[in-house]
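Colleague: First, the structure itself, so that you have it in front of you.
Structure representation (structure tokens):
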């Protein structure tokens with residue numbers, strides 16, 4: 001499989017896994033303490049977004065990408081996941 005196709009598949013997979021992890025984390029924290037409003041659940045989900053970006057970066061290095069390309073993959077995962085969570089929690 002060509003490298004760009006693998007990178008695309010991995011990036012989409014990491015975005016989906018980050019979204020699932022963030023929503024599950026918000027539901028878990030919501031059981032411990034009530035989360036009111038629209039912005040609080042989004043803010044609670046941000047650590048999972050950062051973790052998803054880190055995992056995307058680390059896996060990008062494992063795919064044989066250069067450091068800069070792996071950083072770009074991690075940033076794309078974080079930005080896309082953060083935007084989708086912002087839309088999900090605030091609309």
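In the working numbering, the protein residues as written are 1 to 91.
From the three backbone atoms N, C-alpha and C, an ideal C-beta is built for every residue, glycine too.
Note that this is a predicted model, so its numbers are computed, not measured.
(1) Under 8 Å between the Cβ atoms of residue 78 and residue 50?
(2) I'd like the list of long-range same chain contacts for residue 90, defined as Cβ closer than 8 Å, with 5 residues on each side in sequence excluded.
(3) Have a look at 4, 70, 48, 1 and flag the residue whose alpha-carbon is nearest the alpha-carbon of residue 28.
(4) Return yes when the Cβ of residue 55 is within less than 8 Å of the Cβ of residue 26, no when it is not.
(5) Would you kindly report the start and end of the unbroken alpha helix (DSSP H) that includes residue 91?
(6) Using CA atoms only, rank isn't needed, just tell me which of 71, 35, 1, 66 is closest to residue 52.
(7) Starting from residue 30, trace the alpha helix (DSSP H) in both directions and tell me its first and last residue.
Modeller: Let me lay it out:
(1) Taking the first residue of the chain shown as 1, we reach residue 78 at position 78. Taking the first residue of the chain shown as 1, we reach residue 50 at position 50. Yes, the Cβ-Cβ distance between residue 78 and residue 50 is below 8 Å.
(2) Within the chain shown, numbered from 1, the residue matching residue 90 stands at position 90. Around residue 90: 38, 39, 42.
(3) Here residue 28 refers to the residue found at position 28 when the chain shown is read from its first residue. The option with the nearest alpha carbon to residue 28 is 48.
(4) If you number the chain shown from 1, residue 26 lands on position 26. If you number the chain shown from 1, residue 55 lands on position 55. No; because the gap between Cβ atoms is not below 8 Å, this pair is not in contact.
(5) Residue 91 sits at position 91 when you count from the first residue of the chain shown. Residue 91 -> no alpha helix (DSSP H), and no H or E assigned at all.
(6) Walking along the chain shown from the start, residue 52 turns up at place 52. The option with the nearest alpha carbon to residue 52 is 71.
(7) Here residue 30 corresponds to residue number 30 of the chain shown, with the count starting at 1. Note, residue 30: alpha helix (DSSP H), 3 to 32.
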